[in-house]
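Visitor: Protein chains in written order, with the numbering used here: chain A, 10 to 345; chain B, 6 to 332. Please read through the structure below; I'll follow up with questions.
Written out as structure tokens, the structure reads:
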């Protein structure tokens with residue numbers, strides 16, 4: 010859908026109905042998929058680390074719909090939603106979490122390392138800040154080859170404490186590279202609140218110190234996220250240099266399945282839940298006459314059906330034979 | 006044709022840049038300065054600032070950018086000034102470059118070459134004298150090369166760039182001024198294999214196995230021993246990962262004795278790995294326990310006499326060989 014079609018209709022500030030419904034449906038797809046993941050974790054079908062994005066869906070949804078299919082995407086270990094909206098089939102995501110060879114990373118990566126290079130999705134990176142230098146390099150390669158493309162790099166606010174953030178930001182600005190830095194500030198780096206880890210809590214100020222232009226938006230508002238990302242991506246595309254967007258958001262669940270959440274008040278979580286992106290956007294749509302309760306239930310049922318099919322696919326998929334253990338270490342084959 | 010190791014490396018880089026527009030060189034002071042070891046002198050003017058890319062002192066950032074550029078279709082050569090500073094980039098090398106292929110289920114290759122100077126011997130003190138090749142040789146997913154001859158300095162880069170996976174090249178800083186005839190060229194572009202170890206001096210009584218900056222020392226020791234009628238074989242590992250176990254085993258099976266020379270510290274050293282493979286593969290061919298000549302377990306001191314004492318030297322190698330041969 011092009012920018013014109015997305016333009017707000019006169020009167021109630023809503024985008025056209027099909028696009029609005031697409032945004033809502035995609036947030037629901039992420040939500041239902043991840044709720045199922047939590048359940049499957051309890052059932053020990055999914056193991057290892059599982060970092061849920063529940064509460065933050067507006068960020069990936071708004072942002073991904075503002076990118077072109079040809080853009081590069083680099084993501085973090087909390088990337089299920091990003092992968093899904095990049096077009097990675099839910100079947101392949103679910104099979105990956107099950108550790109099956111039909112997974113999008115052949116079962117070698119798991120939840121934190123979803124990859125789909127055909128869709129230019131360069132992975133879940135589980136080293137905080139590790140994706141930023143990679144994004145700079147992808148953008149450098151595009152520039153050197155005369156390819157006009159944006160590299161979108163998602164990371165959390167925890168990454169701004171890492172040297173990789175500062176080095177990556179500096180290189181992108183110094184070399185005027187087309188990197189769109191998308192910071193999902195959910196206020197807690199695992200259990201450490203932003204104001205307990207940063208002397209400067211205004212992240213845009215940090216980015217601006219590298220002369221990178223910035224925008225700060227409500228990450229619970231899918232339309233605001235979409236519009237900010239669209240504007241930022243457009244500027245990157247037209248002018249070539251980087252851009253930094255901060256989404257203020259919140260994760261409703263624990264950091265990972267091992268986190269007892271001792272570091273934040275239940276009241277704070279409840280307060281943010283009241284601003285939940287799915288709940289607030291559907292309320293907005295209903296108020297504007299763009300969505301009925303039946304319409305909502307229909308979208309939700311579609312998401313649930315997609316999840317059920319993905320789980321069935323993952324369950325049925327075969328395990329990779331152990332004889333294949335040493336494959337994909339090097340391109341030319343195993344060495345000892 | 007008599008050239009220096011530096012010149013051999015410079016020619017190899019020049020060939021790579023001239024023959025493939027995807028190749029570019031990136032690192033600290035590679036451009037206007039001409040390279041810390043003057044390997045890229047003149048390149049900035051010839052190839053321009055895009056392809057001879059000076060970087061800030063951001064090892065983590067620019068090594069990571071090299072990985073990203075490799076993913077994006079380029080063939081970057083990233084120069085990390087020395088192995089000492091590569092520790093600042095270790096996360097990107099180990100957690101990204103080496104792992105991306107596997108973690109993605111084989112969807113990507115990272116055709117990146119990382120060059121760095123290594124080693125001690127110039128009174129640069131503890132923070133500028135590391136030999137940490139064994140750290141890199143530990144990691145599945147990367148190839149580790151140690152050119153120790155003019156021919157390897159000239160011929161390893163091309164095949165390294167043709168390798169679809171990350172290759173780390175260690176250039177011992179003491180070798181840059183070494184001069185020799187460029188000979189034994191197998192083909193016109195000088196390309197050599199990056200798979201096998203090489204026997205630098207054939208011998209019958211003992212295998213002296215080493216790599217990098219210790220190769221000339223081992224050859225000096227072998228020459229001295231030869232004057233006393235002791236016939237020692239010198240094996241240059243060349244490729245530190247994957248190790249060429251076959252060449253090591255063949256040599257030791259023939260000579261029945263081994264001394265390993267490694268500028269790394271003894272504990273957890275490459276020398277330890279070589280001995281383990283010898284024991285695994287030719288234990289019953291051994292006439293004596295293998296012996297190691299490594300750096301002493303001390304940070305490399307500044308004072309010349311102390312630095313010399315900390316590092317493997319021809320005299321220590323000679324003594325170790327005599328001990329094993331009991332002569």
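Glycine included, each C-beta is placed from N, C-alpha and C at the ideal position. Being a predicted model, the structure only gives us computed values, none of them experimental.
1) By DSSP, does residue 197 (chain A) sit in helix, in strand, or in coil?
2) Starting from the C-beta of residue 99 (chain A), find all residues in its chain whose C-beta is less than 8 Å away, skip the five residues before and the five after it, and write them out in chain order.
3) What do you get for residue 195 (chain A), buried or exposed, if any count of 16 or more other CB atoms within 10 angstroms of its CB means buried?
4) Alpha carbons only, please: which of B:235, B:273 and B:247 is nearest the one belonging to residue 335 (chain B)?
5) Short of 6 Å in beta carbon distance, which residues of its chain neighbour residue 199 (chain A), apart from the five on each side in sequence? Order them along the chain.
6) Using only CA atoms, which one of B:36, B:8 and B:321 lies nearest to residue 229 (chain B)?
7) If you drop the 5 nearest sequence neighbours on each side, which residues of the same chain put their C-beta closer than 7 Å to that of residue 227 (chain A)?
8) Closer than 9 Å between beta carbons: that is the criterion. Which residues of the stretch 250 to 276 of chain A meet it against chain B?
9) Have a look at residue 271 (chain B) and residue 58 (chain B) and give me their C-alpha separation to the nearest angstrom.
10) Can you say whether residue 311 (chain B) is buried or exposed, counting buried as having 16 or more other CB atoms within 10 angstroms of its CB?
11) What residue range does the beta strand (DSSP E) around residue 29 (chain B) cover?
12) Going straight from the alpha carbon of residue 307 (chain B) to that of residue 301 (chain B), what length do you get?
13) Quick check on residue 213 (chain A): does DSSP put it in helix, strand or coil?
14) Thinking just about the alpha-carbon of each residue, which of A:80, A:71 and A:139 is nearest to the one in residue 68 (chain B)?
15) Please determine, among A:118, A:127, A:250 and A:46, the residue with the shortest C-alpha to C-alpha distance to residue 134 (chain A).
16) Roughly how many angstroms lie between the CA atoms of residue 20 (chain A) and residue 93 (chain B), to the nearest whole one?
17) Using 9 Å as the limit for Cβ to Cβ distance, is residue 325 (chain A) near chain B?
18) Are the beta-carbon atoms of residue 148 (chain B) and residue 116 (chain B) separated by less than 9 Å?
19) Checking the sheet assignment: what are the DSSP bridge partners for residue 1 (chain B)?
20) Along the stretch 143 to 156 of chain A, what residues have a CB closer than 7 Å to any CB found in chain B?
21) Counting only beta-carbon separations shorter than 9 Å, does residue 136 (chain A) have a partner in chain B?
22) Exposed or buried, what is residue 176 (chain A) when buried is set at 16 or more other beta-carbons lying within 10 Å of its beta-carbon?
23) Helix, strand or coil for residue 318 (chain B) per DSSP?
24) From residue 71 (chain A) to residue 90 (chain B), what distance separates their C-alpha atoms?
25) Taking the straight line between their C-alpha atoms, what separation do you get for residue 95 (chain A) and residue 172 (chain A)?
26) Would you mind sorting residue 259 (chain A) into buried or exposed? The rule is 16 or more other CB atoms within 10 Å of its CB.
27) Please classify residue 285 (chain A) as buried or exposed, where buried requires at least 16 other C-beta atoms within 10 Å of its C-beta.
28) Measuring alpha carbon to alpha carbon, tell me which residue in B:98, B:260, B:139 and B:8 is nearest residue 85 (chain B).
29) Taking only runs that begin and end inside the stretch 88 to 133 of chain B, name each unbroken beta strand (DSSP E) of 3 or more residues, in chain order.
30) Cα separation between residue 197 (chain A) and residue 167 (chain A)?
31) For residue 256 (chain B), report the span of its alpha helix (DSSP H) as first-last.
32) Between the alpha carbons of residue 79 (chain B) and residue 253 (chain A), how many angstroms are there, rounded?
33) Please report the residue range of the alpha helix (DSSP H) in which residue 241 (chain A) lies.
34) Helix, strand or coil: which one does DSSP assign to residue 197 (chain B)?
35) Quick check: the Cα distance between residue 208 (chain A) and residue 216 (chain A), rounded to an integer number of angstroms?
36) Here's a check: name, in chain order, each residue in its chain whose Cβ is nearer than 8 Å to the Cβ of residue 296 (chain B), leaving out the five neighbours to either side.
Guide: So, to answer that:
1) To locate residue 197 (chain A), count along the first chain from 1; it is residue 188. In this structure, residue 197 (chain A) counts as strand in the three-state DSSP scheme.
2) Taking the first residue of the first chain as position 1, residue 99 (chain A) is located at position 90. For residue 99 (chain A), where only same-chain residues beyond five positions count, the Cβ hits under 8 Å are 38, 42, 93, 315, 316, 318 and 319.
3) For the purposes of this step, residue 195 (chain A) is identified with residue 186 of the first chain, where counting begins at 1. So residue 195 (chain A) counts as buried.
4) For residue 335 (chain B) there is no data in the structure shown, the boundaries of chain B being 6 and 332.
5) On the first chain, position 190 is the one that residue 199 (chain A) refers to. 264.
6) Stepping through the second chain from its first residue, residue 229 (chain B) is reached at position 224. Checked all of B:36, B:8 and B:321; the closest Cα to residue 229 (chain B) is B:321.
7) The residue given as residue 227 (chain A) occupies position 218 in the first chain. Here the set comprises 233 and 257.
8) none
9) In the second chain, counting from the first residue as 1, residue 271 (chain B) sits at position 266. In the second chain, counting from the first residue as 1, residue 58 (chain B) sits at position 53. Taking the straight line from one Cα to the other gives about 37 Å.
10) Within the second chain, numbered from 1, the residue matching residue 311 (chain B) stands at position 306. With fewer than 16 other Cβ atoms within 10 Å, it is exposed.
11) Within the second chain, numbered from 1, the residue matching residue 29 (chain B) stands at position 24. Per DSSP, residue 29 (chain B) belongs to the beta strand (DSSP E) from 28 to 32.
12) On the second chain, position 302 is the one that residue 307 (chain B) refers to. On the second chain, position 296 is the one that residue 301 (chain B) refers to. Straight across, the Cα-Cα distance linking residue 307 (chain B) with residue 301 (chain B) is about 14 Å.
13) For the purposes of this step, residue 213 (chain A) is taken as residue 204 along the first chain, with counting starting at 1. Helix at residue 213 (chain A).
14) Working through the second chain from its first residue, we reach residue 68 (chain B) at position 63. Checking every option, the nearest Cα to that of residue 68 (chain B) belongs to A:139.
15) Sequence index remark: in the first chain, residue 134 (chain A) carries index 125 (1-based). Comparing Cα-Cα distances from residue 134 (chain A) to each of A:118, A:127, A:250 and A:46, the minimum goes to A:118.
16) Numbered from its first residue, the first chain carries residue 20 (chain A) at position 11. Numbered from its first residue, the second chain carries residue 93 (chain B) at position 88. Low confidence applies to residue 20 (chain A): its pLDDT is 47, below 50, so where it sits in the model is not reliable, and the reading given next is rough at best. Using only the alpha carbons, I get a separation of about 55 Å.
17) Here residue 325 (chain A) refers to the residue found at position 316 when the first chain is read from its first residue. No, its Cβ sits nowhere closer than 9 Å to a Cβ of chain B.
18) By one-based count along the second chain, residue 148 (chain B) stands at place 143. By one-based count along the second chain, residue 116 (chain B) stands at place 111. Not closer than 9 Å, so no.
19) Because chain B spans 6 through 332 in this model, residue 1 (chain B) falls outside it and cannot be assessed.
20) 143, 144, 145, 146, 147, 149, 150, 151, 153 and 154
21) If you number the first chain from 1, residue 136 (chain A) lands on position 127. So, interface residue.
22) Indexing the first chain from 1 puts residue 176 (chain A) at position 167. Residue 176 (chain A) is buried by the Cβ-count criterion.
23) In the second chain, counting from the first residue as 1, residue 318 (chain B) sits at position 313. The answer is coil: DSSP assigns residue 318 (chain B) none of H, G, I, E or B.
24) Locating residue 71 (chain A) in the first chain gives position 62, where the first residue counts as 1. Locating residue 90 (chain B) in the second chain gives position 85, where the first residue counts as 1. In a straight line, the C-alpha of residue 71 (chain A) is about 40 Å away from that of residue 90 (chain B).
25) The count along the first chain starts at 1 and reaches residue 95 (chain A) at position 86. The count along the first chain starts at 1 and reaches residue 172 (chain A) at position 163. Each residue's alpha carbon lies about 28 Å from the other.
26) Here residue 259 (chain A) refers to the residue found at position 250 of the first chain. Counting Cβ neighbours within 10 Å, residue 259 (chain A) comes out buried, since at least 16 surround it.
27) Locating residue 285 (chain A) in the first chain gives position 276, counting from the first residue. So residue 285 (chain A) counts as buried.
28) The residue you call residue 85 (chain B) lines up with position 80 of the second chain. Checked all of B:98, B:260, B:139 and B:8; the closest Cα to residue 85 (chain B) is B:98.
29) 118 to 123
30) Taking the first chain and counting its residues from 1, one reaches residue 197 (chain A) at position 188. Taking the first chain and counting its residues from 1, one reaches residue 167 (chain A) at position 158. Each residue's alpha carbon lies about 7 Å from the other.
31) The residue given as residue 256 (chain B) occupies position 251 in the second chain. Residue 256 (chain B) -> alpha helix (DSSP H) spans 250 to 260.
32) Working through the second chain from its first residue, we reach residue 79 (chain B) at position 74. Working through the first chain from its first residue, we reach residue 253 (chain A) at position 244. So the two alpha carbons sit approximately 25 Å from each other.
33) One-based indexing of the first chain puts residue 241 (chain A) at position 232. Start and end: 231 to 248.
34) Here the question's residue 197 (chain B) lines up with position 192 in the second chain. Here residue 197 (chain B) sits in coil by DSSP.
35) Stepping through the first chain from its first residue, residue 208 (chain A) is reached at position 199. Stepping through the first chain from its first residue, residue 216 (chain A) is reached at position 207. If you take the alpha carbons of residue 208 (chain A) and residue 216 (chain A), they lie about 14 Å apart.
36) The residue labelled residue 296 (chain B) in the question sits at position 291 within the second chain. So the list reads 263, 264, 265, 325, 328 and 329, once near-sequence residues are dropped.
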